[in-house]
Amino acid sequence: MNVQVLSDAIVPAALFKEAMARVAGAVHLVTTDGPAGKAGFTATAVCSVSADPPTLLVCVNETSSVARVLIANTVLAVNTIGSEFNALAMLMGGKTSLEDRFAGGRWTAGSHGAPLLDGAMVNFDCVTEDSHVYGTHRVLFCRVVAVRLGDVALDPSLYFNRAFRQLSPI
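Residues 12 to 181, numbered by my numbering, are exactly what the sequence shown covers, in order.
As structure tokens, then:
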């Protein structure tokens with residue numbers, strides 16, 4: 012076991028990234044559409060904040076091409092995917108143009124226009140209520156206005172150690 016103890020010094024970014032690679036996360040496609048255009052990206056930095064009101068937290072790199080579109084549109088969808096959508100997650104997470112990222116899926120507009128992926132494990136249709144910049148990322152607080160549940164029997168997509176993984180029953 013390799014333990015690195017640093018006094019009050021800041022943990023180097025490379026070490027922090029390596030540590031976070033050891034934390035498995037569900038894979039989500041975060042999408043938006045509105046006056047600033049259509050955009051989407053692949054994220055693992057998504058979590059629940061509150062059940063009342065139902066709110067999600069979504070983190071996006073402040074320098075990414077998607078960040079400005081998300082802020083301007085003020086609506087987004089969090090599409091939690093099964094492993095059958097891993098290729099689409101790679102497309103959404105790459106250097107593909109914002110519009111071309113949607114080519115690998117079938118989409119339905121949510122109540123405020125954000126693209127909902129047909130066949131996702133769950134779609135959260137959201138309105139951005141607040142956001143803050145912290146370090147390299149913008150943290151969005153998104154009120155969930157609608158939920159569409161998919162097939163619970165799907166194999167969820169996970170990201171661990173810089174690779175997609177599948178969940179197996181114990």
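All C-beta atoms, glycine included, are put in the ideal place defined by N, C-alpha and C.
Cβ neighbours of residue 100 in the same chain (closer than 8 Å, five flanking residues each side left out): Correct list, in chain order: 38, 40, 53, 92, 168 and 175.
Compare the Cα-Cα distances from residue 34 to each of 172, 163 and 24 and report the closest residue. Nearest C-alpha to residue 34: 172.
Give the DSSP-derived three-state secondary structure of residue 172 in the structure shown. Assignment of residue 172 by DSSP, reduced to helix, strand and coil, places it in the coil class.
Going by CA-CA distance only, name the one from 26, 71 and 32 that's closest to residue 152. Considering only 26, 71 and 32, the residue with the shortest C-alpha distance to residue 152 is 71.
contact_flag[the stretch 124-144, the stretch 62-82] where n(CB pairs < 8 Å) is 3 or more: Because the criterion of three Cβ pairs below 8 Å is met, the stretch 124-144 and the stretch 62-82 touch.
With a threshold of 16 other CB atoms inside 10 Å of the CB of residue 105, please say whether the residue is buried or exposed. Counting Cβ neighbours within 10 Å, residue 105 comes out exposed, since fewer than 16 surround it.
By Cβ distance below 7 Å, which residues in the same chain neighbour residue 31 in space, the five residues on each side in sequence not counted? Here the set comprises nothing.
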